[in-house]
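To convert, note that position 215 of the sequence shown is 215 in UniProt numbering; the numbers rise steadily by one, no gaps. Glycine included, C-beta positions come from ideal geometry on N, C-alpha and C. Being a predicted model, the structure only gives us computed values, none of them experimental. Read through the structure below, which is laid out as structure tokens, and then see the notes.
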Amino acid sequence: MNAKTSADVQLQEITNAPLRSRVADLLREAILRGDLRPGQTLTEVSLARQLQVSRAPVREAFRSLSEEGLLETVPYKGTRVRLLGRTDIEETYSLRGQLEAFAVTRILERASVDLEGLEAICRTMQTLAAAGDAAGLNVEDERFHKAIIELADHALLTSVWTTLALRVRQIMALRNQQNPNPMEVALNHPPIVAALRAKDLGVAHALIHQHVLSAADLSLEMIGEGA
1 MNAKTSADVQ LQEITNAPLR SRVADLLREA ILRGDLRPGQ TLTEVSLARQ
51 LQVSRAPVRE AFRSLSEEGL LETVPYKGTR VRLLGRTDIE ETYSLRGQLE
101 AFAVTRILER ASVDLEGLEA ICRTMQTLAA AGDAAGLNVE DERFHKAIIE
151 LADHALLTSV WTTLALRVRQ IMALRNQQNP NPMEVALNHP PIVAALRAKD
201 LGVAHALIHQ HVLSAADLSL EMIGEGA
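And the structure:
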């Protein structure tokens, strides 16, 4: 993994307040897109100069993103994008699987659930996959799983999943740079909706488990290749 400095990354100049939030938002999106890669060094001075702000909002943004688990401070080396190891990926996807399985259970306990939104996302994913739009596919993939969580109608579940989704987005961005089969990714989702429509909890749970396991395996392969 080749480390870059923060000066190598193209970020837009910040023009609106509050600066702390704006800096954090820009850095967060750069990390989650994979533009800032795990292990990449960030410096307050370089970023402050690039964004034309003082060092204070950059320092505060570093603190916020460290609390979110996206940055880490290494003694004598400074701040860097948090490295993703095998344990990080295994923990992320094992928890994601449990949360989504719980969501599916909640959904099927409800008398009536509108699944048209999920079906529409599936169609969009296939269109994007056919066009080779990996970035757009990532966005719709996240929308699909977020929609499942929201259909469970459980506020705490949504809150926990939203925090976890930051790490999932980072992993997905890096994984898809390794050129997985985009159509295979898209076609993994309609069977989940079909199981929900059939109210088949066993099949829905099995599909969620397999889907998350496959995503974890692809991500672990990425780490193994030193991406």
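Let me know the secondary structure DSSP gives residue i once reduced to three states.
i      : result
Gly117 : helix
Glu184 : helix
Thr43  : coil
Leu201 : helix
Arg110 : coil
Glu72  : strand
Arg80  : strand
Gly226 : Unreliable placement is indicated for Gly226, whose pLDDT of 47 sits below 50; the coordinate value is still reported in the next sentence. Reduced to three states, the DSSP call for Gly226 is coil.
Arg37  : coil
Gly132 : coil
Val53  : coil
Pro18  : coil
Thr85  : The question names Thr, but residue 85 is Gly in the sequence shown. Note: Gly85 maps to coil in three-state DSSP.
Ala152 : coil
His209 : helix
His189 : coil
Met1   : Reliability of the predicted coordinates at Met1 is poor, the pLDDT of 47 falling under 50, and the value obtained from them is presented with this limitation in mind. Coil.
Ala7   : For Ala7, the predicted model reports a pLDDT of 47, less than 50, meaning its position is unreliable; a value from the coordinates is still stated below. Three-state result, Ala7: helix.
Asp217 : helix
When the Cα of residue i is compared with those of the options, which residue comes out closest?
i      : options                        : result
Arg169 : Ala198, Gly136, Leu196         : Gly136
Glu119 : Ala111, Trp161, His145, Val203 : His145
Leu220 : Ala194, Arg175, Asn181, His211 : Arg175
Leu27  : Thr162, Ser94, Phe62           : Phe62
Ile148 : Glu90, Gly132, Leu128, Cys122  : Cys122
Gly85  : Gly78, Thr79, Tyr93            : Tyr93
Ser112 : Lys199, Leu19, Ala131          : Lys199
Gly117 : Arg197, Ala204, Leu201         : Arg197
Glu67  : Glu150, Thr163, Arg106, Glu29  : Thr163
Gly34  : Pro18, Asp25, Ala173, Arg49    : Ala173
Val203 : Asn181, Ala216, Val160, Leu108 : Leu108
Leu128 : Glu150, Ser214, Asn181         : Asn181
Arg110 : Ala130, Thr158, Asp153         : Asp153
Leu65  : Ser159, Leu36, Leu157, Ala155  : Leu36
Arg106 : Pro18, Gln52, Ala155, Val53    : Ala155
Quick one: residues in its chain with C-beta nearer than 8 Å to the C-beta of residue i, no 5 flanking neighbours on either side, listed in chain order?
i           : result
residue 230 : Beyond the ends of the chain as shown, which are 1 and 227, falls residue 230; an answer cannot be given.
Met125      : Leu137, Glu140, Asp141, Phe144, Val185, Ala186, His189
Short of 7 Å in beta carbon distance, which residues of its chain neighbour residue i, apart from the five on each side in sequence? Order them along the chain.
i           : result
residue 240 : Any question about residue 240 goes unanswered here, given that the chain covers just 1 to 227.
Ile31       : Leu70, Val81, Gln170
Asp133      : none
Glu60       : Arg20
Val58       : Val23, Glu44, Leu47, Ala48
Glu72       : Ser66, Arg80, Arg82
Using C-beta distances below 6 Å, list every residue in its chain close to residue i, excluding the 5 sequence neighbours before and after it, in chain order.
i      : result
His211 : Asn188
Asp88  : none
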